Amino acid sequence: MQNLTKLILLYLVMTTSASAALALDRTRVIFEQDSKLETIKIKNPADKPFLAQSWLSDINGEEANNEFVVIPPVMRIESNDYAILRIKALPLIENLPKDRESVYYLHVREVPPAKSSTNSDNKKNVGSIQIAIESVIKFFYRPSALSSIKNVDRHIMNSTKIIRNSNNTIDIENGSPFYVTLSELKVGDSKEAANFKPTMMAPFSRQSFKVGKNRTYTLSHINDYGATVTNTFDCKKSNVCLAQEKE
């Protein structure tokens, strides 16, 4: 019953509004340990004010208020204006892994102003509901030990391997200390892998995909700036496929 309620609410959100009114200035947040503070601009291009309720959750959906604090948790953003959201690190970040990234999710829920009604239109408003649209973006905590890696995309490219297996599957190995969001996998020259779905790989992890053998694979991931980075992997000499250097 609880899951059904969640599905109904999700349907209402999706069908009531095609997009959120409030707009964040990025699609992901990279929080460097040495910075201690990160700011996000939230714009309201609508013709009415909105309340913005913001918080962080961990990968399990639990509120993450031990490592970070979101300031302010609730704020009013006037029409055609913007506000600054601040995320500050707390001392307990010292308990997070120091050799790899940690991932959280930043939630920004927009609450429209309550509709005022007079007696003449009370009947029209009976049964009406207001939907709070919620934007969620990834929030990566990057410890100081990773600051020496200046070119993250190149490091990911050189740390990624594709292993061809004998059972019509491949393994993709993320040997980097970064979370890698894989967006597309193509087999050979142009054929897109039918069974591949975008996924986020944890640092130093491996995932299997049901994809046929080929001599080359083209793998794309989303980088720190929200752009797509594509690399081709060569498997001509062995079943361990490495990224080809770009000219």
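Mature numbering (1 follows the signal peptide of the UniProt record, and there is no 0) puts the sequence shown at residues -20 to -1, 1 to 227.
For each residue, glycine too, the CB sits at the ideal point set by N, CA and C.
Model, not experiment: these values are computed from the prediction.
Practice task
Going by CA-CA distance only, name the one from Phe48, Arg89, Ile39 that's closest to leucine 72.
Solution key: Phe48
Handout entry: glutamate 81 versus alanine 32 - alpha carbon distance
Key = 28 Å
Handout entry: Beta-carbon proximity of lysine 140 to isoleucine 202, cut-off 7 Å
Key = Before going on, a small fix: residue 140 reads as threonine here, not lysine. Not in contact: threonine 140 and isoleucine 202 (Cβ atoms no closer than 7 Å).
Practice task
Can you have a look at glutamate 58 and say buried or exposed, based on whether 16 or more other CB atoms are within 10 angstroms of its CB?
Solution key: With a threshold of 16 other beta carbon atoms within 10 Å, glutamate 58 falls short and is exposed.
Exercise for the section: Please say whether alanine 112 and valine 88 have beta carbons closer to each other than 7 Å? Expected result: Contact flag unset, no.
Practice task
Give the C-beta separation of tyrosine 197 and valine 167 to the nearest angstrom, bearing in mind that I take them to be a contact with Cβ-Cβ under 8 Å.
Solution key: 6 Å
Problem - Range of the contiguous alpha helix (DSSP H) that encloses serine 124 - result: That residue, serine 124, is in no alpha helix (DSSP H); it is neither H nor E in DSSP.
Practice task
Classify alanine 186 as buried or exposed, calling it buried when 16 or more other Cβ atoms lie within 10 Å of its own Cβ.
Solution key: A small correction: the amino acid at residue 186 is arginine; alanine does not occupy that position in the sequence shown. So arginine 186 ends up on the exposed side.
Practice task
Buried or exposed for leucine 70, please, with buried defined as at least 16 other CB atoms from any protein chain shown within 10 angstroms of its CB.
Solution key: exposed
Handout entry: 8 Å contact criterion, which valine 9 and isoleucine 20 should meet: CB distance rounded
Key = 7 Å
Practice task
Determine the direct distance from the alpha carbon of valine 116 to that of arginine 195, and round the result to whole angstroms.
Solution key: Approximately 38 Å between the Cα atoms of the pair.
Handout entry: C-beta contact flag for phenylalanine 119 and tyrosine 159 at 7 Å
Key = no
Exercise for the section: Would you mind reading off the limits of the beta strand (DSSP E) that contains aspartate 214? Expected result: 208 to 214
Exercise for the section: Could you check if valine 191 is buried or exposed, using at least 16 other CB atoms within 10 Å of its CB as the buried criterion? Expected result: buried
Handout entry: Residues near glutamate 164 by beta carbon distance below 6 Å, same chain, minus five either side
Key = Its chain contains Ser200 as the residues whose beta carbon lies nearer than 6 Å to that of glutamate 164, once the 5 sequence neighbours on both sides are disregarded; these appear in chain order.
Problem - CA-to-CA distance, isoleucine 142 to asparagine 211, given in whole angstroms - result: 12 Å
Handout entry: Cβ-based burial, leucine -11 [other Cβ within 10 Å; buried from 16]
Key = The pLDDT assigned to leucine -11 is 42, lower than 50, so where the model puts this residue is not dependable, and the model offers no usable value.
Practice task
Leaving out five residues on either side along the sequence, give the residues of the same chain with a beta carbon under 7 Å from the beta carbon of arginine 56.
Solution key: Pro29, Leu31
Handout entry: Reduced DSSP secondary structure (H/G/I, E/B, other) of asparagine 147
Key = coil
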